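Chemist: After the structure tokens below, expect a handful of questions from me.
Chains as they are written, first to last, in full-length UniProt numbering: chain Y, 1 to 245; chain H, 1 to 245.
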């Protein structure tokens, strides 16, 4: 399991992960940086195990030490910020950028403790907007986290009946997976955010509607990682002890 | 990075991967079994590193030895079968089963050597069938392998113009990703198979059309891992030295 070319492959994966970690770190995206540091370190440890050259080994050990301390520092920092209710992370999606499926953006917030999700988004009305909601819900189902309720607050479409019918299909589908979709309509809604009962608050400037349209049969129509995005800012906060309050 | 609960988590992941490996092994799905053995072993090695209890360490070492030999055996077997042109693997998808997106089924065949793909499927005609093709093509794009041409051979729809127009959109989209889609129509086509120029031949009883329909806004409409499937048999062969022949 450890020939030279395989080792080189692992080394280059480690380098690209750690480069990404440093980049995220300098952009203050600490939670993601920690994940990247950890995954990169895991690989670098493997490379170290397989390396015979002593001076190389020495270099690897230094790097591992350095990144490990930084990852530990960041973990403490993130924990402290959450404790203080001061955690704030900003994700900026550039105009036209790709690779921003809900899965990529939101997976890391759905851990084994989240049991309910609240979505406030005034525009879950037209067909493509209801598909946005569906994709978000499919992600929740797929991640197999213990979510039992999703509460959607949105505004009424002119075609109320159609909106209710379509949202009804989302609700039915979720029921088969043991998740209740609660739908509320509001006329005064302005915030666009997703709240998890674990304390995460994800504010998306545009709500769920961050993807540009593409031709009906063009690459990116089905796979949203291949869809270009509108420019979007996502702010992530953490409310300590929000659960049950 | 290594407290007790984390270690327990890694151990249970290792066990589930290795259990899956043994299962695949006994179903003669050797290529997949090797992957699972390797991933499981990787984790088990990590657990070994973190374990202090000597008798436990001993048990882990035995298990690692055992699975490693089996994985090596299978690798040799698969290689030999490919050499002899005798490789044959059968995947059976049960009626109503889920978790069978094209990604899950086909990703492992798209390595760094594949440059062209041929798809023979008489039914890439109606809207949902063209979406099947699109999803397959999106997978190829996403896997970032060096594929430059995809050749589709299918039959004419009654509504020829609409079929051409829709396939044209798939073609245009792929062009932006440096892939040429060549579309051929045949009246005598009967085989349903996907051939890669690396030698893999994937024969799918039903062609790409393996998913059951669901309500337009139901869970599984967008994410095909959540769609129930029709009963399907997939036979995988390998043609040695097919490239350039």
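Backbone N, C-alpha and C fix where the C-beta goes; we use that ideal spot for every residue, glycine too.
As the structure is a prediction and not an experimental result, all values here were calculated from the model.
State the Cα-Cα distance for the pair residue 191 (chain Y) and residue 193 (chain H), rounded to the nearest angstrom.
Modeler: Taking the first residue of the first chain as 1, we reach residue 191 (chain Y) at position 191. Taking the first residue of the second chain as 1, we reach residue 193 (chain H) at position 193. Cα to Cα, the separation comes out at about 50 Å.
Chemist: So which residues on chain H does residue 137 (chain Y) lean against when the C-beta distance must stay under 9 Å?
Modeler: Position 137 of the first chain holds residue 137 (chain Y). The contacting residues are 219.
Chemist: Around the C-beta of residue 122 (chain Y), are 16 or more other C-beta atoms found within 10 angstroms, so that it is buried, or is it exposed?
Modeler: The residue given as residue 122 (chain Y) occupies position 122 in the first chain. Classification of residue 122 (chain Y): buried, given that the 10 Å Cβ count is 16 or more.
Chemist: Where does the unbroken beta strand (DSSP E) through residue 185 (chain Y) begin, and where does it stop?
Modeler: Walking along the first chain from the start, residue 185 (chain Y) turns up at place 185. Residues 180 to 185.
Chemist: Kindly list, in the order they appear in chain H, the residues whose Cβ is closer than 9 Å to that of residue 130 (chain Y).
Modeler: Locating residue 130 (chain Y) in the first chain gives position 130, where the first residue counts as 1. The answer, in chain order, is 217.
Chemist: In its own chain, which residues sit with a C-beta less than 7 Å from the C-beta of residue 257 (chain Y), not counting the 5 before and 5 after it?
Modeler: Residue 257 (chain Y) lies beyond the residue range present for chain Y, which begins at 1 and ends at 245; the question has no answer from this structure.
Chemist: Would the beta-carbon of residue 210 (chain H) fall within 8 Å of that of residue 124 (chain H)?
Modeler: Stepping through the second chain from its first residue, residue 210 (chain H) is reached at position 210. Stepping through the second chain from its first residue, residue 124 (chain H) is reached at position 124. Cβ atoms of residue 210 (chain H) and residue 124 (chain H): not closer than 8 Å.
Chemist: Round the Cβ separation of residue 98 (chain Y) and residue 215 (chain Y) to the nearest angstrom and send it over; I've been treating them as touching at under 8 Å.
Modeler: On the first chain, residue 98 (chain Y) is found 98 positions in, with the first residue counted as 1. On the first chain, residue 215 (chain Y) is found 215 positions in, with the first residue counted as 1. The Cβ separation is near 16 Å, so there is no contact.
Chemist: Answer yes or no: do residue 181 (chain Y) and residue 152 (chain Y) have a C-beta to C-beta separation smaller than 8 Å?
Modeler: Translated into positions along the first chain, residue 181 (chain Y) becomes position 181. Translated into positions along the first chain, residue 152 (chain Y) becomes position 152. In contact: residue 181 (chain Y) and residue 152 (chain Y) (Cβ atoms closer than 8 Å).
Chemist: Starting from residue 62 (chain H), trace the alpha helix (DSSP H) both ways and give me its first and last residue.
Modeler: Working through the second chain from its first residue, we reach residue 62 (chain H) at position 62. Looking at the DSSP string, the run of the alpha helix (DSSP H) that includes residue 62 (chain H) is 54 to 83.
Chemist: Distance check for residue 189 (chain H) and residue 235 (chain Y), CA to CA, integer angstroms please.
Modeler: Taking the first residue of the first chain as 1, we reach residue 235 (chain Y) at position 235. Taking the first residue of the second chain as 1, we reach residue 189 (chain H) at position 189. Roughly 54 Å between the two C-alpha positions.
Chemist: Excluding five sequence neighbours on each side, which residues of the same chain lie with their C-beta closer than 6 Å to the C-beta of residue 204 (chain H)?
Modeler: Within the second chain, the letter at position 204 stands for residue 204 (chain H). Closer than 6 Å at the Cβ level, and outside the excluded window around residue 204 (chain H), lie 192 and 234.
Chemist: So residue 114 (chain Y) contacts chain H; which residues on that side make the cut at Cβ distance below 9 Å?
Modeler: Residue 114 (chain Y) sits at position 114 when you count from the first residue of the first chain. In chain order: nothing, as chain H lies at least about 18 Å away.
Chemist: Would you identify the three-state DSSP class for residue 87 (chain Y), choosing helix, strand or coil?
Modeler: As a first step, residue 87 (chain Y) is located in the first chain; it is residue number 87 there, counting from the start. The answer is coil: DSSP assigns residue 87 (chain Y) none of H, G, I, E or B.
Chemist: For residue 166 (chain Y), count the other beta carbons within 10 Å of its own beta carbon; 16 or more makes it buried, fewer makes it exposed. Which is it?
Modeler: The residue you call residue 166 (chain Y) lines up with position 166 of the first chain. Its Cβ being crowded by 16 or more others within 10 Å, residue 166 (chain Y) is buried.
Chemist: Use the C-beta contact count for residue 72 (chain Y): other C-beta atoms within 10 angstroms, 16 or more gives buried, fewer gives exposed.
Modeler: Your numbering for residue 72 (chain Y) matches position 72 in the first chain. Per the 10 Å Cβ criterion, exposed.
Chemist: Opposite residue 237 (chain Y) in the DSSP bridges: which residues?
Modeler: To locate residue 237 (chain Y), count along the first chain from 1; it is residue 237. Looking at the DSSP output, residue 237 (chain Y) shares a beta bridge with Y:88 and Y:201.
Chemist: Between residue 213 (chain H) and chain Y, is the shortest Cβ-Cβ distance under 8 Å, so that the two count as touching?
Modeler: For the purposes of this step, residue 213 (chain H) is taken as the residue at position 213 of the second chain. The beta carbon of residue 213 (chain H) does not come within 8 Å of any beta carbon belonging to chain Y, so the residue lies off that interface.
Chemist: Start and end of the beta strand (DSSP E) containing residue 153 (chain Y)?
Modeler: Position 153 of the first chain holds residue 153 (chain Y). Element bounds for residue 153 (chain Y): 149 to 154.
Chemist: Can you list, in chain order, the residues of its chain with a C-beta nearer than 6 Å to that of residue 119 (chain H)? Leave out the 5 residues immediately preceding and following it.
Modeler: As a working mapping, residue 119 (chain H) is identified with position 119 in the second chain. Once the five neighbours on either side are set aside, the close Cβ partners of residue 119 (chain H) are 152 and 194.
Chemist: Work out the CA separation of residue 110 (chain H) and residue 140 (chain H) for me, nearest whole Å.
Modeler: Here residue 140 (chain H) is taken as the residue at index 140 of the second chain, counted from 1. Here residue 110 (chain H) is taken as the residue at index 110 of the second chain, counted from 1. Each residue's Cα considered, the two are about 8 Å apart.
Chemist: Based on the DSSP secondary-structure assignment, which residues constitute the bridge partners of residue 195 (chain Y)?
Modeler: Along the first chain, one-based indexing puts residue 195 (chain Y) at 195. Partner(s): Y:118 and Y:201.
Chemist: Could you tell me whether any Cβ in chain H is nearer than 8 Å to the Cβ of residue 166 (chain Y)?
Modeler: Translated into positions along the first chain, residue 166 (chain Y) becomes position 166. Judged by the 8 Å Cβ criterion, residue 166 (chain Y) is in contact with chain H.
Chemist: Output yes if chain Y places a C-beta closer than 8 Å to the C-beta of residue 247 (chain H); else output no.
Modeler: Here chain H covers residues 1 to 245 and nothing more, so residue 247 (chain H) does not appear.
Chemist: Looking only at C-alpha atoms, which of H:229, H:112, H:34 and H:237 sits nearest to residue 95 (chain H)?
Modeler: Reading the second chain from its first residue, position 95 is the one you call residue 95 (chain H). Taking each of H:229, H:112, H:34 and H:237 in turn and checking the Cα distance to residue 95 (chain H), the smallest one comes out for H:229.
Chemist: Looking at the C-beta of residue 169 (chain Y), does it have a partner C-beta in chain H at a distance below 8 Å?
Modeler: Within the first chain, the letter at position 169 stands for residue 169 (chain Y). Chain H, which has a Cβ nearer than 8 Å to the Cβ of residue 169 (chain Y), makes this yes.
Chemist: Going by beta carbon distance, what residues of the same chain come within less than 6 Å of residue 90 (chain H), once the five residues before and after it are set aside?
Modeler: As a working note, residue 90 (chain H) is residue 90 in the second chain. Counting only residues of its own chain and dropping the five nearest sequence neighbours on each side, residue 90 (chain H) has a CB closer than 6 Å to the CB of 235.
Chemist: Does residue 176 (chain Y) come within less than 8 Å of chain H when only Cβ atoms are used?
Modeler: Looking up residue 176 (chain Y) in the first chain gives position 176. Yes - at least one Cβ of chain H is within 8 Å of the one on residue 176 (chain Y).
Chemist: With DSSP as the reference, label residue 36 (chain Y) as helix, strand or coil.
Modeler: Locating residue 36 (chain Y) in the first chain gives position 36, where the first residue counts as 1. If DSSP states are grouped into helix, strand and coil, residue 36 (chain Y) belongs with the helices.
Chemist: Going by DSSP in three states, residue 10 (chain Y) sits in which element: helix, strand or coil?
Modeler: If you number the first chain from 1, residue 10 (chain Y) lands on position 10. In this structure, residue 10 (chain Y) counts as helix in the three-state DSSP scheme.
Chemist: Do residue 7 (chain H) and residue 50 (chain H) come within 8 Å of each other at the CB atom, strictly closer than that value?
Modeler: Taking the second chain and counting its residues from 1, one reaches residue 50 (chain H) at position 50. Taking the second chain and counting its residues from 1, one reaches residue 7 (chain H) at position 7. Going by C-beta atoms, residue 50 (chain H) is nearer than 8 Å to residue 7 (chain H).
Chemist: Helix, strand or coil: how does DSSP classify residue 137 (chain H) here?
Modeler: The residue given as residue 137 (chain H) occupies position 137 in the second chain. Helix at residue 137 (chain H).
Chemist: Just to confirm before moving on: does the CB-CB distance between residue 87 (chain Y) and residue 78 (chain Y) stay below 8 Å?
Modeler: Reading the first chain from its first residue, position 87 is the one you call residue 87 (chain Y). Reading the first chain from its first residue, position 78 is the one you call residue 78 (chain Y). Yes; because the gap between Cβ atoms is below 8 Å, this pair is in contact.
Chemist: Along chain H, in chain order, which residues have C-beta atoms closer than 7 Å to that of residue 222 (chain Y)?
Modeler: Taking the first chain and counting its residues from 1, one reaches residue 222 (chain Y) at position 222. What residue 222 (chain Y) touches in chain H: 131, 134, 135 and 138.
Chemist: Using a C-beta to C-beta distance shorter than 8 Å, which residues of chain H count as neighbours of residue 226 (chain Y)?
Modeler: To locate residue 226 (chain Y), count along the first chain from 1; it is residue 226. Within chain H, the residues near residue 226 (chain Y) are 138, 141 and 142.
Chemist: Using a Cβ-Cβ cut-off of 8 Å, state whether residue 100 (chain H) counts as contacting chain Y.
Modeler: Position 100 of the second chain, counted from the start, is the residue given in the question as residue 100 (chain H). Interface annotation, residue 100 (chain H): not in contact with chain Y, CB-CB separation never under 8 Å.
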